[in-house]
Structure formats: C-alpha cells, structure tokens
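The next block holds one structure in the form of structure tokens; read it before the comments.
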Amino acid sequence: MKRVERFDIFELLLKGEEPADSRVVVDCSAVFKNGDQRFTINGFYNGNREYKIRFMPQEQGIWRYEIGSSFADPDDSYGEFECVENTGRNHGPVITNGTHFQYADGTKYIPFGTTAYAWTHQPVDLRERTKKTLSESPFNKIRMCLFPKSMVYNNNDPERYPFTKNAEGKWDVHNPDLGYWTDLENQLKDLMDMGIEADLILFHPYDKGRWGFDELSREDNLAYLKYCVRRLSAFRNIWWSLANEYDMVFRKTEEEWESFGNFIRQEDPYQHLLSIHNWIQLYDFKRPWITHCSIQSALVHKTEDWKNEFQKPVVIDECEYEGNIEESWGHLSAFEMAHRFWTVTLKGGYCTHGETYHREDEVLWWSKGGDLHGESVKRIRFLQEIVYGLEGEIQPVQGKFRINPNDLQMTADNPSVQHNPYLKQILSMNPVDRALLSMNNATYAGRHGDDCFIHYFGKSCQSLFTLDLPEAGDYAIDLIDIWEMTREMIIPKASGKTKLRLPGKEGTAVIATRI
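Whatever position you read off the sequence shown (first residue = 1), add 21 for our numbering.
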C-alpha cells in the first residue's frame, strides 16, 4: 500500500481523451474518505491525454478513494493509501490562531516575509540564484505574482505565460500553457522543501496594456482561478493573495473582488490562507472569506489598531523597501527597514521585507530576485531569533495615548470618560490631530504573560527608563542594540519598578525574562 506523509501530496494519474472544448472545465474528480472525513477533490488536465487529481491528507490513517469520471476505468476507480505522520520541515499548511499564525500540526510559525514579485518569470539561472539566496536568508514567506509584471525595472518578457493564445491572437484561458504551470509547481516544491510559504498574488495592476491580463472578462478570470486552485491547492505552502494593490486594478469592482474571494474559498478544499492587499484604501478585512489582513502602509505604528479593529492577524506586507531608487516607495535606509520590523512586531503584527537597490542590469530583489545587497536582512534575522526564542508570541502593551476603536464612538462629554482625563482630552481633538498625537507618542512594548517583557525605544535617544515589572518574581534584564545585533545582560535580577540606564541612541531595546 502506498504511504504518504500527512500534509504531503497524494496524486492520481488518469488517462482519457483530449478535452473537447475547455482544458479547464473537465470531468475529473475523486472522493476521499477516512472515518467521518470526506473530501471531494476536482482534478485538472495535464496534457498528453493525462488528468491529475491531487489530494493533501490532513489526518493519519487509511484513506479510501473513488474516482468519478466518464473515462475512468471501472476496474481501477477505487483504491486506498495510508497517511503516516509528518516529519522534518513538514508541519502542514499555515493557519490562523486568533490574531496569530501557526502550522496545522501546532508548531509555531511567525511570518518573516520578503518580496520578489516576478522571480518565477525570470531565466532559469536567475531563478536558481534566487532560491540559493532564499535558502541562506531568514525569510519563511515570499510574495510572488502569477502574472508577469510591467513597470520600472521590469522590461523583459517571460519565456512562458499562464495561457496560450488562440488563432486570433487573444489569450485563451481555457487552454493553459502546461509548461508554465509545471515550471511554477517545481518552484513551489523547492520553496516547500526550504520551509518557505508562497504568498501567490493572483491579480495585480502592473500590466498597463502590455499583455492584457488585467483586462480579462469576469468569466475568463473565474476560469483562470478554477484551474489555478485545482492545480495548486494541494501544496501545503500556498497562501492566496487575491490581489496586490487591488484598488489600482481599476477595471474590477468591489462586487467582483467579493465574487472572486468567495469563489476561491468554495473551490479550495483545504481553506488556505486568503487575503487581499491594498494601494491606499484598506479592504474590509472583516469579510468572512478573508483570513488575515494584508496591508500596505508606512504607518506601521497603527498595526495594533488594525489588529483590534479586524480581530485577525495583521501582516504589513508592504512598508516600503530598503534601497536607493528614485521612486518614493523604494529608498528606505537599512536601519529604517529594521526599525519598521521591530515596530510591527512589538505592535503584535508581522512585517514583510523588500529591497530595491538600483542596478544597471535591472535585477532588483523586490521583483526579479537574484542576490540581496542590503544590510537589513541580518538585522531581521536577529529579531527573528529573539522572537522565536520566546515561549509564546508577543502581545502589545497599551500605550498612554492609544484608543480602542470602539471608544471613538463616544464623545468627550460621555459620562464613562469623565474620570479618564487622557481619554476625555483625546476625544475632544479632531481626527487628524488625534492621529498625529498617536503617531508621535507611539509606545513599542510587548509581553508574554508575566514571563517576558520587551520595550523597544525606536528612534528615541533617551538615557533613562523605568521598567515596570511584577513585584512577584525575579527577572534578568538584557539590553539590545538592533543595529549592532548585540544582547547584553545589564541587570541579573530585578522586580517591580526598575530604573535603567540606556546608551542614548536609536535602535535600543530592553527585554526582561523571568528567571
């Protein structure tokens, strides 16, 4: 009997006739059963009169299946396989746990992502360089586009496209380019072997009439999504990003985005993570088909507010990029990128990296991959080692000027705020001034129960700080320099209000751990 690890792919190969009309809408499926569990899995056409059905078992034991297809051999329509325990880097798909993430088997997962939008559309040697760089990096998630990209530093054409063209020279979504999808799968498998999640961007606005993928009809878009989900959903390391900068894809309406999001949710038997990324206007992340918030914003101090508003994990998938190019979004210093990672983390969210250093060959990491040249990556690894070293995830500690979004519904003369002069004064301010106050007085502090307290001072250069620890229990206090990547114990034993002397420089943090 064939054995397959939990969360790996069990694949059935069927021989049949060439599809008469559509190579997307095909008569090929199977029902998989294990005890009370039952999954109906739709297959896809793979060329050469071959059809494939892929299944990702999520429970151990004997799985029995029955193939449903007009061309299936009746004598070979039934079978079984054994699902055995997952091992090594195989922890299953990433799922949400409240406002955090974890692997399906319960293992800790904290996203430390990067961005290389068009890396799979590059020549083979460049793709191999990209994967080598990723294997040596701290990143465990990468944002990447299924359609090619046309914008600054993206002037080359890919070797293959998701679909072929018909006799009239128009894209035929019902005739996928099978070589494109096979090659994409190979890249996804390599990422999976490295323990890297693939955040697949399904739509984007970076076409500008060059290829016309952003001008497909609603029906063609649904056919594309159908083939994509049926072919790729059995990969455990898939996240679906419905769009990058959805509000720049001007031809699509909110009703269409809702339709596409719900369609993916219905088609995907494994309910992979699914979100949608903004340009200016945040999407309504309260929508039931959305699993987490995927946000573009430089206002990273608002991470905690978004987390409280939407009650879902918050990923700042674009906080601008480390680099030196002309565009306003592409010239952060390495320190600023590291600072934003620390800020987002202490606010209870997750941050995504990108790098845009000018090169005459136009091979910038943020789009084409290749090599990393910046200085923030090693600082991101340093942060990653710290947070993965904690027993649990950091929960933000509320600052003096932070307001619960629900409190904003009140007015300054509300009886419930009469004994809170801070809140009363803040509620009397206009929204713009209140936002500036919040930004200028943001506190970057977090804790894990009473076991760990961490305070990041950001760009403050203060030399003194009073750390308020529980009276019960003893704590060792370390001083952290996020740029020099040092961690030094400064007080071996402390409790209660503890005065600290700081070096008076940007990028300083302290962490108190119960002993």
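Cβ atoms here follow ideal geometry from the backbone N, Cα and C, with glycine treated the same way.
Give the DSSP-derived three-state secondary structure of residue i in the structure shown.
i, result
"Val-194", "strand"
"Cys-482", "coil"
"Ile-52", "Note on identity: in this sequence residue 52 is Val, with Ile being the wrong assignment. Of the three classes helix, strand and coil, the one that applies to Val-52 here is strand, per DSSP."
"Tyr-124", "strand"
"Ile-217", "coil"
"Thr-312", "coil"
"Asp-338", "strand"
"Asp-97", "helix"
"Pro-78", "coil"
"Tyr-86", "strand"
"Arg-20", "This structure leaves residue 20 out entirely; the chain is present only between 22 and 536."
"Asn-461", "helix"
"Arg-148", "helix"
"Met-450", "coil"
"Val-46", "coil"
"Pro-513", "strand"
Can you pull the DSSP bridge partners for residue i?
i, result
"Thr-534", "Cys-473 and Ala-497"
"Pro-417", "Gly-467"
"Thr-507", "Asp-502"
"Thr-377", "Gly-344"
"Asn-118", "His-121"
"Leu-303", "Beta-bridge pairing links Leu-303 to no other residue."
"Glu-26", "Val-105"
"Trp-350", "Looking at the DSSP assignment, Trp-350 forms no beta bridge with any residue, so it has no partner."
Which residue from the options puts its Cα closest to that of residue i?
i, options, result
"Arg-150", "Trp-192, Glu-39, Gln-208 and Tyr-174", "Gln-208"
"Pro-197", "Ile-407, Tyr-245 and Leu-221", "Tyr-245"
"Pro-491", "Ala-515, Glu-505 and Phe-478", "Ala-515"
"Glu-218", "Gly-113, Lys-210, Asn-161 and Phe-403", "Asn-161"
"Ala-466", "Ser-459, Leu-458 and Ile-475", "Ile-475"
"Met-510", "Lys-518, Ile-501 and Arg-181", "Ile-501"
"Ile-74", "Ser-90, Gly-134 and Ile-407", "Ser-90"
"Pro-159", "Glu-406, Val-173, Glu-414 and Ala-497", "Glu-406"
"Pro-40", "Asn-55, Lys-153, Asn-69 and Lys-520", "Asn-69"
"Phe-92", "Gly-37, Lys-328 and Lys-333", "Gly-37"
"Glu-124", "Asp-268, Glu-325, Ile-259 and Leu-458", "For clarity, residue 124 is Tyr in the given sequence; the question names Glu instead. Ranking Asp-268, Glu-325, Ile-259 and Leu-458 by Cα distance to Tyr-124 puts Ile-259 first."
"Leu-34", "Pro-513, Asn-67, Gly-134 and Gly-494", "Asn-67"
"Pro-513", "Ser-484, Ile-498 and Met-506", "Ile-498"
"Phe-297", "Gln-317, Glu-106 and Tyr-291", "Checking the sequence, you will find Ile at residue 297 rather than Phe. The residue with the shortest Cα to Cα distance from Ile-297 is Gln-317."
"Phe-486", "Lys-526, Gln-143, His-469 and Glu-381", "Lys-526"
"Asn-176", "Asp-94, Val-384 and Lys-191", "Val-384"
Whole-angstrom Cβ separation of residue i and residue j, contact assumed at under 8 angstroms?
i, j, result
"Trp-363", "Ala-137", "No, Trp-363 and Ala-137 are not in contact; Cβ-Cβ is about 23 angstroms, not under 8 angstroms."
"His-293", "Ser-254", "7 angstroms"
"Leu-263", "Leu-223", "6 angstroms"
"Arg-164", "Asp-220", "5 angstroms"
"Ser-50", "Asn-63", "5 angstroms"
"Val-47", "Tyr-72", "7 angstroms"
"Trp-504", "Phe-356", "6 angstroms"
Could you name the residues of the same chain whose beta carbon sits closer than 6 angstroms to that of residue i, not counting the 5 residues immediately before and after it, in chain order?
i, result
"Glu-288", "Val-250"
"Cys-473", "Leu-411 and Thr-534"
"Glu-341", "Ala-319, Trp-350 and Leu-353"
"Val-194", "Phe-184, Asp-241, Ala-244 and Tyr-245"
Given residue i, which residues of its chain have a CB within under 7 angstroms of its CB, disregarding the five upstream and five downstream residues?
i, result
"Arg-252", "Phe-65 and Trp-202"
"Glu-236", "Arg-272"
"Asn-283", "Trp-310"
"Arg-110", "Gly-216"
"Tyr-496", "Leu-490, Ala-515, Ser-516, Ala-533, Thr-534, Arg-535 and Ile-536"
"Cys-104", "Val-25, Arg-27, Pro-78, Glu-80, Gln-81, Gly-82 and Trp-84"
"Val-408", "Ile-131, Thr-366 and Ile-415"
Please go through the same chain and pick out, in chain order, the residues whose beta-carbon is closer than 8 angstroms to the beta-carbon of residue i, but skip the five residues on each side of it.
i, result
"Phe-331", "Phe-306, Lys-307 and Cys-314"
"Arg-148", "Trp-140, Thr-141, Gln-208 and Gly-390"
"Thr-108", "Glu-26"
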